[in-house]
Amino acid sequence: PRRVRTAHLREMKERGERFSMLTAYDQYAAEIFDEAGVEVLLVGDSASNNVLGHDTSLPITVEELLPLTAAVARSARRALVVGDLPFGSYQASPEQAYLTAARFMKEGRAQAVKLEGGVEMVGQIERLSRGGVPVMAHIGFTPQSEHALGGYRVQGRGDAAERVLADARAVEAAGAFAVVMEMVPGDTAARVTAELTIPTIGIGAGAGCDGQVLVWQDAFGLRTGRLPRFVKQYADVRSVLLEGARAYADEVRTGAFPGPEHTF
Ligand code: KIV
Ligand code: NA
30 PRRVRTAHLR
40 EMKERGERFS
50 MLTAYDQYAA
60 EIFDEAGVEV
70 LLVGDSASNN
80 VLGHDTSLPI
90 TVEELLPLTA
100 AVARSARRAL
110 VVGDLPFGSY
120 QASPEQAYLT
130 AARFMKEGRA
140 QAVKLEGGVE
150 MVGQIERLSR
160 GGVPVMAHIG
170 FTPQSEHALG
180 GYRVQGRGDA
190 AERVLADARA
200 VEAAGAFAVV
210 MEMVPGDTAA
220 RVTAELTIPT
230 IGIGAGAGCD
240 GQVLVWQDAF
250 GLRTGRLPRF
260 VKQYADVRSV
270 LLEGARAYAD
280 EVRTGAFPGP
290 EHTF
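Sequential numbering from 30 applies to the sequence shown in full-length UniProt numbering.
As structure tokens, then:
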């Protein structure tokens, strides 16, 4: 299958076609989502709280995320693979951002990187774009700034809509090829989508975006507890695994497994 490239996403927007993005952090998830026709795989820093057991995305390091990125890049045949830059690995300066992004492209074999921020990230986005790194921006609610933003809350309500618009315009002008909008009111997200020429990708930003993204452990039911309102659960992987693991443990306990057919 033909590789999805950043230009294809732009062409899809021009044709009015929607595309999907999912997180992936390992080989089988990447293979399956790629086979399903998902256009973009994001090796999110959400691996921090979906793989490594932390409760926020902040603690994950470049060293931890690089091998996951490489695993996804090795396993996806068609999807565009985007590496997410961890907290603290790009905010300090455009040079820091470039050095980190280059590692994601070289060692992680990512085809693009994502970073959080709008107007304040213009220097970073320009530096990366000039240096051959396609950048996906991420505005609205930005989880790496959870403590600065005062927790998980919708961004861009009322007067704050202008802030989201300004961020969107700034990242497009700086050279971003796409922009994620997280927890932004649907009308604001639709306005941004209409105004920009680059594709917008929503998470909790309504149906007016050019693409959508979800964290796969949320979308397919691996995570427990209350899910954010913007998540739709498409599968219940947790119960499938739970039943399988229980049946296996039971059969080992009773001696039903292994049977003669599993024995040499
Ligand atoms: O890390 C992540 O999963 C993300 C998406 C939710 C956009 O940044
Ligand atoms: Na992220």
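Beta carbons: idealized from backbone N, C-alpha and C, even for Gly.
Quick caveat, the model's predicted, so the values are computed rather than measured.
Taking only the alpha-carbon atoms, compute the straight-line gap between residue i and residue j and give it to the nearest angstrom.
i	j	result
residue 91	residue 100	14 angstroms
residue 98	residue 238	26 angstroms
residue 273	residue 61	20 angstroms
residue 250	residue 78	15 angstroms
residue 34	residue 241	17 angstroms
residue 253	residue 263	14 angstroms
residue 281	residue 292	14 angstroms
residue 211	residue 235	10 angstroms
residue 115	residue 55	17 angstroms
residue 161	residue 133	13 angstroms
residue 68	residue 248	16 angstroms
residue 179	residue 185	14 angstroms
residue 216	residue 85	28 angstroms
Is the CB-CB distance between residue i and residue j below 8 angstroms?
i	j	result
residue 169	residue 213	yes
residue 208	residue 197	yes
residue 51	residue 70	yes
residue 157	residue 199	no
residue 145	residue 176	no
residue 266	residue 206	no
residue 194	residue 221	yes
residue 102	residue 155	no
residue 95	residue 136	yes
residue 59	residue 104	yes
Where does residue i sit, in a helix, a strand or coil, going by DSSP?
i	result
residue 55	coil
residue 37	helix
residue 133	helix
residue 28	Because residue 28 is not part of the residues shown, which for the chain are 30 to 293, the question remains open.
residue 173	helix
residue 260	coil
residue 251	coil
Neighbouring residues (CB closer than 7 angstroms to any heavy atom of ligand 1): Answer in sequence order: 52, 71, 73, 74, 75, 86, 113, 143, 167, 172, 209, 211, 232, 242, 244.
Uninterrupted beta strand (DSSP E) stretches inside the stretch 205-235 (no shorter than 3 residues): Qualifying beta strand (DSSP E) stretches, in chain order: 207-211, 229-232.
Beta strand (DSSP E) segments (min. 3 residues) lying fully within the stretch 77-148: As far as the stretch 77-148 is concerned, its whole beta strand (DSSP E) runs of at least 3 residues are 109-113, 141-145.
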